[in-house]
Each structure stands twice: as structure tokens, then as C-alpha cells.
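This report concerns only the one structure given below.
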Amino acid sequence: MRLTRPMLAAAAAAVLALTGCGSGGDGEAAVPKTATGSLEHLAAEVRCEPNMQADADTVRQAICERGDEKYILATFATDRGQREWINSAKDYGGHYLVGRKWVAVGHEDVMADLRGRLGGTLEQGTRHGGGSHSAGHAGHGG
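With the first letter of the sequence shown counted as 1, position 30 gets the number 84 in the numbering used here; the numbers rise by one all the way through.
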């Protein structure tokens, strides 16, 4: 049987409806409004005691732990500074949860869980052949 565009579109719509990813579906209701605030406020929202790594005027960055998993939580003074940091960090791979003037970087399942608490959008770093990078390599001080 030959697949046509209308058939593919219908199949995609059915998958989205079943998984709750369509607009207005239950999947969107599970993601809260994107959080805002200081690094300490965001850390409190996810029950993290931040281990500060950088505390500058332009970027504040901390390591948070969840069981055996570690992730980076960073806040930025400007939207532009945030986007430059993300674009540079994505070269190292990883998974990014992005909010207004903040980002969390870590393993995919950790970022999915944080999204359920902080909202935001998920982005993925560049994949390079041969291996994977841990969250510890995904972030940097600016």
C-alpha cells in the first residue's frame, strides 16, 4: 500500500491524540506555566539545594542533585546572554529545559521531570557520533 500525505497526516494526528501531545490535550495540562525567579527560587521549586559554581552579574550557575543524577541550573541577566550560553553549550550535547532567563541541563528523564514542575521548553544539544556526554560537561560558566 502506498502512503500519501493525507494518510501520514491522519496517522500523525492519531498518534498525537493518543499520546496527549496535540493542542488542547491532557499532555499540555501536565506542563505548568513556565516558572520565573532567581536561581534560589527555581531551586526551591524543584527541592534542590544549589551548589553554586558561578555567581556573576551576567550568569549564576549551580549544580543540583536528584538521587544519583546531577544537573545544572543557571539563571541569566538577559535573554541574549541566555541564548548565547545555550547555543555554545549545545555543542557538548545534553538536554536543556529552557525558561525565561533560566535553563536546566541534564539527562533527558531528569529534564522531563523538572518540566513537570517548572514548565519551559525542552531542547536537545548537538549529537556527535561515538559517545555521550554527561550533564557535567554540558554546562559552562559563560
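The beta-carbon is built from N, C-alpha and C at its ideal position, and this holds for glycine as well.
Which residue comes first and which comes last in the alpha helix (DSSP H) that contains residue i?
i    : result
D109 : Element bounds for D109: not the alpha helix (DSSP H) but the beta strand (DSSP E), 105-109.
R181 : Counting along the chain, R181 falls outside any alpha helix (DSSP H), and DSSP gives it neither H nor E.
V48  : The structure shown does not extend to residue 48, since the chain is modelled only from 55 through 196, so no value can be given for it.
A97  : 93-99
State the Cα-Cα distance for the pair residue i and residue j, rounded to the nearest angstrom.
i    : j    : result
A108 : G135 : 14 Å
P86  : G153 : 12 Å
G147 : A110 : 24 Å
V159 : D122 : 15 Å
G74  : D133 : Low confidence applies here, because G74 scores a pLDDT of 35, under 50, leaving its location unreliable and the question unanswered by this model.
C118 : E138 : 22 Å
K155 : G91  : 9 Å
T175 : R181 : 19 Å
E177 : P104 : 22 Å
I140 : L151 : 10 Å
V157 : I126 : 8 Å
Ignore the nearest five residues each way along the sequence and tell me which others in residue i's own chain have a CB closer than 7 Å to its CB.
i    : result
R114 : L93, A108, A128, T129
E162 : H149
M106 : A116
R120 : V164
Using DSSP bridges, identify the partner residues of residue i.
i    : result
W156 : T129, G153
E123 : R120
Between the Cα of residue i and the Cα atoms of the options, which residue gives the shortest distance?
i    : options                : result
V100 : K144, D145, R181, D167 : D167
L96  : T180, G170, D163, R181 : G170
C102 : K144, T88, V164, Y150  : V164
For the beta strand (DSSP E) containing residue i, name the first residue and the last one.
i    : result
V113 : 113-120
Who are the near neighbours of residue i in its chain, counting only those whose CB is closer than 8 Å to its CB and skipping five residues on each side?
i    : result
A131 : D111, T112, V113, K155
G173 : V85, P86, K87, T88, A89, G153
Quick check: is the beta carbon of residue i nearer than 8 Å to any beta carbon in chain C?
i    : result
V100 : Of the chains in the structure shown, none is chain C; there is only one protein chain.
Excluding five sequence neighbours on each side, which residues of the same chain lie with their C-beta closer than 6 Å to the C-beta of residue i?
i    : result
D145 : T180
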